[in-house]
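Just below is one structure, and these are the notes that go with it.
Protein chains in written order, with UniProt numbering: chain B, 1 to 128; chain S, 1 to 363.
Structure, rendered in structure tokens:
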């Protein structure tokens, strides 16, 4: 089984290609003034088409970053397919950077869960 | 299983317990919020929590059957476990009947009810080998599986005159899922020669019929996810719970031990006999806390006190279209794909904002 994480041709990939075609452009949004983020240490990201599944997991991973002072998420209205994530950081980094790190970390965590699961599963099969 | 017989705890021990355990108390559940993040406690300032997770995380498979699997995810936060559970239920794709073309239906079940019932029948087909069918896209052999039903109920000429059992009186009075006949399209016949497409179970009752009633229809399966309709959910249930832990702060001996054991689910606490503090006596022993349903019964009696641990059990039960382990791995893949997709979107947005600013600077 492929455990490299990236470039794997599985159903997860199918899913992402399904979304990519449709809503890649307005998948994620954040407020700027004339193309410049006014206060780079605090931002609200608005993500379309996501819910508590990603919201809470991402919130949790972002709070693990010691440079993040606050991170919370909300779903403004249940009939709107939208998720807001608020990040406030120290001056050592920016909210965008914290978001990027959060996503990367969640990816790494997924990889690790996958590898550990595959290993344990194989071991279990051998023992049976 | 930890077992403490000392009466008093040090402050550090108490703090560690608050940090790592959810407490089941008499009047409620305490210490529920996760504290595994920076600056929460003094001794845990400089930890890289991601690296820490890598070190601690473990998977233990407890039980694996054809359609059912139970495993422990040790050292993972509820946020991640819950994301995976939600993805397994709502976002792992499968194939299910989506469109039903009814040519004839003289049964008492209306077309729309019949179509709904057909939709819920699990179809044995590997969803990875099919594409999603987008709106307005024509059906092809890559996104659609076709089944047909041609069924008629008749009198059984061999039945006795005074027969009352419908099974003997009629032929074909029960329309079962085995009547769904696969109609291969394109090169599906060669592609799926080794594993013909069919319903997972052959004995699902679709309609009960009486002589003279006929059903003729064509059903088209498409790929979809549980978020759109529960028929696409690959699992019957996928759930997680916290691993129970029962800590005896003092030995419970004598008749109290029997009373204590009766407070828990059968098999959790057992009464054994042996030497306790120099005296031969009956004493209670925690044997299998996993199966405890955490009823808090023991806390009603003032002589007992217990606590509950924070390791997570994730329990996955599959409906049999796919293997349980594949469903779980798919859910991890999908969570990862979500991250990848958002990272791309973030870079995309940053570039777009940058372009806007440059344009603004020029003008």
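For every residue, glycine included, the Cβ atom is placed at its ideal position computed from N, Cα and C.
With a cutoff of 8 Å on beta-carbon distance, residue 51 of chain B and residue 83 of chain B are scored as near each other. When the beta-carbon positions are compared, residue 53 of chain S and residue 60 of chain S stay at least 8 Å from each other. Residue 199 of chain S is bridged by DSSP to S:123. Listed along chain S, the residues sitting closer than 9 Å to residue 59 of chain B by beta-carbon distance are 79. Counted as a single uninterrupted DSSP element, the beta strand (DSSP E) harbouring residue 83 of chain B occupies residues 82-89. The count of Cβ pairs closer than 8 Å, one atom from the segment 53-72 of chain B and one from the segment 79-94 of chain S, reaches three, so the stretches are in contact.
For the pair residue 252 of chain S and residue 87 of chain S, the CB atoms are not nearer than the 8 Å cut-off. By the rule that beta-carbons nearer than 8 Å mark a contact, residue 83 of chain B does not touch chain S. With 16 or more neighbouring CB atoms inside 10 Å of its own CB, residue 244 of chain S falls in the buried class. When CB distances to chain S are screened at a threshold of 8 Å, the residues of the segment 87-114 of chain B falling below it are 96, 99, 100, 103, 104, 105, 106, 107, 108, 109, 110, 111, 112, 113 and 114, in chain order. DSSP places residue 40 of chain S outside both helix and strand once states are collapsed to three, so it counts as coil. Chain-order list of chain B residues neighbouring residue 145 of chain S: empty, with the shortest C-beta distance near 16 Å, by a criterion of under 7 Å. Secondary structure of residue 116 of chain B (DSSP, three-state): helix.
Cβ neighbours of residue 155 of chain S within its own chain (closer than 8 Å, five residues either side excluded): 169, 170, 171 and 211. The DSSP assignment places complete beta strand (DSSP E) segments of no fewer than 3 residues inside the segment 270-299 of chain S at 279-286, in order along the chain. If you look at residue 68 of chain S, you'll find it in the beta strand (DSSP E) that goes 68-74. Here residue 283 of chain S is buried, its C-beta having at least 16 other C-beta atoms within 10 Å. Put simply, the CB of residue 77 of chain B is far from chain S, with every gap to its CB atoms at 8 Å or more. For residue 62 of chain S, the enclosing beta strand (DSSP E) has its first and last residue at 58-64. CA-CA distance, residue 182 of chain S to residue 217 of chain S, rounds to 12 Å. Taking 8 Å as the threshold, the shortest C-beta distance from residue 44 of chain B to chain S does not fall below it. According to the DSSP assignment, residue 209 of chain S belongs to no alpha helix (DSSP H), since it is labelled neither H nor E. Contact between residue 281 of chain S and residue 270 of chain S does not hold, since the beta-carbon distance rounds to 15 Å and is not under 8 Å. Counting along the chain, residue 259 of chain S sits inside the alpha helix (DSSP H) bounded by residues 255-262. Minimum Cα-Cα distance from residue 158 of chain S among the listed residues S:355, S:167 and S:97 corresponds to S:167.
Excluding its 5 nearest sequence neighbours in each direction, residue 30 of chain B has C-beta neighbours in its own chain below 6 Å: 43 and 45, listed in chain order. Straight-line spacing of the CA atoms in residue 108 of chain B and residue 328 of chain S works out to 17 Å. Selection S:272, S:200, S:184 and S:144 evaluated against residue 193 of chain S yields S:184 as nearest (Cα-Cα). Taking C-alpha positions only, residue 206 of chain S is separated from residue 114 of chain S by approximately 7 Å.
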